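Below is one structure, written out as structure tokens; comments come after it.
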Amino acid sequence: MRLLTSDRRSAGLARVALVATFAVIVAVAGVFTMPPLDRDEARFAQATTQMLESGDFVRIRFQADERNKKPVGVHWLQAASVALFSSTEARDIWAYRLPSVLGAGLAAIFTCLIGARLYGPQTGVLAALLLASAPAVAGEATIAKTDAMLLAAVTAAQAGLLYVYAAIEGGRRAPVGAVALFWIAVCAGLYLKGPIILMVVGLTIAGLYWRRRRIDWLQELRPASGAVFVAAAIAPWALSIHDATDGRFFAEAIGGDMFAKISDAKESHSGPPGYYLALLFVLFLPAAALIPQAAHDAITSRNTWRSWFLLSWIVPSWIVFELTATKLPHYALPLYPAIALFAAHSALDARAQAKMTLGRIGAALLLIFGFAAAAATIALPIIYQEAAISRYAAISGGGLAIATFAAALLHWRRHVIAGTILSIAMSAGLAWTLLAGVLPSLDRLAVSPRL
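Those letters in the sequence shown? Residues 471 to 921, by my numbering.
Written as structure tokens, this is what we have:
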């Protein structure tokens, strides 16, 4: 029995190592080559630099102005990364991006663990690979901002919640480690992006309550102790920033930044309801062929606690994001792990593979959006590069188109696992092609050198 337990532990560690390695390989695609293209990335990096130069790790400042928008968590992580691997004088943007790479790796690990607990180890690994190769995740892992680490924090909190809920469903006591993971992740999420993690986790809990109509299982989360822990962890910085800014930080961050985005589109970032659904097949390209079938399976199996848990994770928060006036593609990223889990389970479910129509719809969607990504790879240098034609982009775009066609054909013929693995490889290749090769060469977008 001990040998069997040891073998299972070794296999579990091997799976975690596999998905973490793959996630990091995809995440570093543009870390060392991409210039700061996102204006928020430059602001985050500059604010972190000023922390290191001034020694003031409480206030967040951009040049002479207070930057009262997001909490301090990602700045501390970036400061630690720069201090360990670079220096403020070097101005190496890659050093500020390493926490985002870490976030992508952690998100893949916790997705793997959730999938293993819900449906088995194969589902966990496949879901983690789908998530890690998604263009949305690869893009955020390359940028020195909060969203990749927030994704990790939300996925970790949901992993803790799942293990607690699964134990109650099985008639067992909740593991102490899962409870601790939940509250530590909530605390991390608050330090990274404020109440967003509370919304996602809270709406998931509300959905689970709707199913059981009982709150006794919530006692296993030890809410009183957890709340005391979170308050004790957050209070020192919260009180310090309140005093340092005479209360302006919370007034501007919560009232001026977060709540204002709900009713009014800020900085022209708007979109109609359905915005995130329309982008899903692009931003989650490797799962595009699986999403129609996965959605069908999720609805038909909604009465099972496993599907209900994932639906509670996705649906309420998705509605909030769709109804919010200010929209950016990465806002819905914390919901992608649950979609990846549904998609992976559908791919590995022999009964789902027997359904032809939805599978062929998925194959067609993969073909359309995969070809669009390949075409963009070829077109971007033509539009934004001084050279007349990029041989690298043409060859890479052609290769991506061929891989897309092959993956779509496999899905069309119901070779779902092979098609999914090829889609993952294609999407990872797309990340490296765009982030490491094409985008850094777009010299017409490089404004600073031209100035």
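C-beta: ideal position from N, C-alpha, C; glycine also. The structure displayed is predicted, hence computed values, not measured ones.
Residue i to residue j, Cα distance in whole Å?
i, j, result
"ILE761", "THR890", "11 Å"
"ARG478", "TYR566", "37 Å"
"ALA714", "PHE527", "11 Å"
"ALA658", "ALA849", "40 Å"
"LEU805", "ILE666", "12 Å"
"LEU678", "LEU905", "39 Å"
"ALA863", "LEU747", "29 Å"
"GLN638", "PHE532", "Looking at the sequence shown, residue 638 is not Gln but Ile. One C-alpha to the other measures close to 48 Å."
"LEU912", "THR903", "13 Å"
"ALA515", "ARG537", "12 Å"
"ALA694", "TRP653", "11 Å"
"ALA872", "ALA602", "With the sequence shown as reference, residue 872 is identified as Ile, and Ala is not the correct amino acid for it. Those two C-alpha atoms are separated by around 22 Å."
"PHE699", "ARG681", "28 Å"
"CYS582", "VAL489", "8 Å"
"LEU568", "ALA697", "30 Å"
"SER816", "TYR589", "10 Å"
"ALA650", "GLY664", "19 Å"
"ALA622", "GLY575", "8 Å"
"PRO645", "ALA549", "34 Å"
"ASP686", "GLY725", "34 Å"
"MET896", "ARG830", "19 Å"
"LEU660", "LEU668", "8 Å"
"ASP869", "ALA499", "In the sequence on display, residue 869 carries Gly and not Asp. About 18 Å."
"ALA578", "ALA604", "11 Å"
"PHE754", "ALA833", "14 Å"
"ILE838", "THR874", "9 Å"
"VAL607", "SER524", "33 Å"
"PRO506", "PHE492", "24 Å"
"MET826", "ALA878", "13 Å"
"LEU750", "ALA759", "11 Å"
"GLY573", "PHE841", "29 Å"
"THR612", "ARG684", "42 Å"
"MET471", "TRP775", "Summary for MET471: the model assigns pLDDT 44, below 50, so the residue's position carries little reliability; its value from the coordinates is reported in the next sentence. Those two C-alpha atoms are separated by around 30 Å."
"ARG485", "PRO807", "17 Å"
"ILE495", "ALA843", "20 Å"
Where do the ends of the alpha helix (DSSP H) carrying residue i lie?
i, result
"ASP713", "693 to 714"
"LYS540", "Per DSSP, LYS540 belongs to no alpha helix (DSSP H) and is neither H nor E."
"LEU668", "666 to 682"
"MET504", "First-last for MET504: undefined, no H or E at that position."
"SER911", "Neither: SER911 is in no alpha helix (DSSP H) and is coded neither H nor E."
"LEU662", "646 to 663"
"SER893", "886 to 901"
"LEU750", "745 to 753"
"HIS881", "861 to 882"
"ALA606", "605 to 611"
Got a sec: does the ligand FAD put a non-hydrogen atom nearer than 7 Å to the Cβ of residue i?
i, result
"ARG529", "Annotation note on the ligand FAD: not contained in the displayed structure, which lists no ligands."
So what's residue i in DSSP terms, helix, strand or just coil?
i, result
"ARG567", "helix"
"PHE532", "strand"
"ASP617", "helix"
"SER480", "helix"
"THR827", "helix"
"ASP526", "coil"
"GLU639", "helix"
"PRO851", "helix"
"ILE685", "coil"
"SER740", "coil"
"LEU473", "With a pLDDT of 47 at LEU473, under the threshold of 50, the modelled position of this residue cannot be trusted; read the value that follows with caution. Helix."
"TYR806", "helix"
"ALA759", "coil"
"VAL498", "coil"
"ALA560", "coil"
"GLU690", "helix"
"ILE574", "The sequence as given places Ala at residue 574; Ile does not occur at that position. Correct three-state label for ALA574: helix."
"GLU856", "coil"
"SER771", "coil"
"GLY594", "helix"
"THR796", "coil"
"TYR589", "coil"
"GLY832", "helix"
"GLY840", "helix"
"GLY717", "coil"
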